[in-house]
Structures are given as C-alpha cells and as structure tokens.
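Numbering (UniProt numbering), first residue to last: 1 to 89. Ideal Cβ placement from N, Cα and C applies to all residues, glycine included.
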Amino acid sequence: MSAVAGDTAASDTPLRAVFKINLNGKTVSIGTVGQAYRFITNLSSVEWIEFRALHADAVHALQGAADNAMLTVQATNALRALFVRAKLL
1 MSAVAGDTAA
11 SDTPLRAVFK
21 INLNGKTVSI
31 GTVGQAYRFI
41 TNLSSVEWIE
51 FRALHADAVH
61 ALQGAADNAM
71 LTVQATNALR
81 ALFVRAKLL
C-alpha cells in the first residue's frame with residue numbers, strides 16, 4: 001500500500017542525508033521525506049521533464065519511505081541521483 005500524497009508531504013521521517021541546495025540565491029535544506037517530496041513535487045513537471053524517470057523514481061521512493069522508514073536509504077539514493085543529474089548538488 002502506498003502513502004497518500006498528503007501523508008508523504010507531511011512526513012517527518014528523516015532522510016539518511018541532509019541535502020543543501022542553492023536555489024535562486026538561497027540555500028534550501030532538505031532533511032526529511034516530507035521536505036523532499038514537497039520540493040520535487042511543487043516545481044512544475046516541465047522543470048523535471050528532462051529527468052522524468054529519475055523524478056518518478058524519487059517520488060515513488062519517497063512515498064514508500066513515508067510508509068516505511070526502512071526505505072529511507074532507497075529514497076535518499078533516488079534523491080541524490082536526481083539532484084546530481086539535475087546539477088543541483
């Protein structure tokens with residue numbers, strides 16, 4: 001069973017790493033499943049189109065981690081892959 005989007009966005013489950021991303025001159029710190037989910041889903045889908053497979057993997061992994069904290073390693077790895085490919089890290 002997968003988490004509902006609202007549940008995922010509200011999740012306080014910590015990721016295995018804290019990502020610090022520079023966006024528009026500000027540093028954004030992402031340390032929980034909910035923060036990461038909101039960050040990658042609040043941007044328009046057009047902004048992620050080039051990375052749609054990695055984006056879909058990250059969204060799916062975060063939904064799983066919101067349900068089961070044991071999956072935070074996979075979610076962290078999926079986010080890292082997305083952010084590195086998108087040159088945000």
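Kindly list the residues whose CB is nearer than 8 Å to the CB of residue i, restricted to its own chain and excluding five residues on each side of it in sequence; keep chain order.
i   : result
Q74 : A61, G64, A65
Sort the options by Cα distance to residue i and report the nearest one.
i   : options            : result
F51 : R38, G31, V33, R80 : R80
L71 : T32, N24, V28      : T32
A58 : A78, V46, A69, I30 : A78
A86 : A69, N68, I40      : I40
With a CB to CB cut of under 7 Å and the five nearest residues on each side skipped, what residues in its chain are close to residue i?
i  : result
D7 : A66
Can you give me the Cβ contacts of residue i inside the same chain, cut-off strictly under 6 Å, excluding the 5 residues immediately before and after it?
i   : result
V28 : I21
Anyone know if the C-beta pair for residue i and residue j falls short of 8 Å?
i   : j   : result
A10 : G34 : yes
L82 : H55 : yes
A53 : T13 : no
What residue does the beta strand (DSSP E) around residue i start on, and which one ends it?
i   : result
F19 : 14–23
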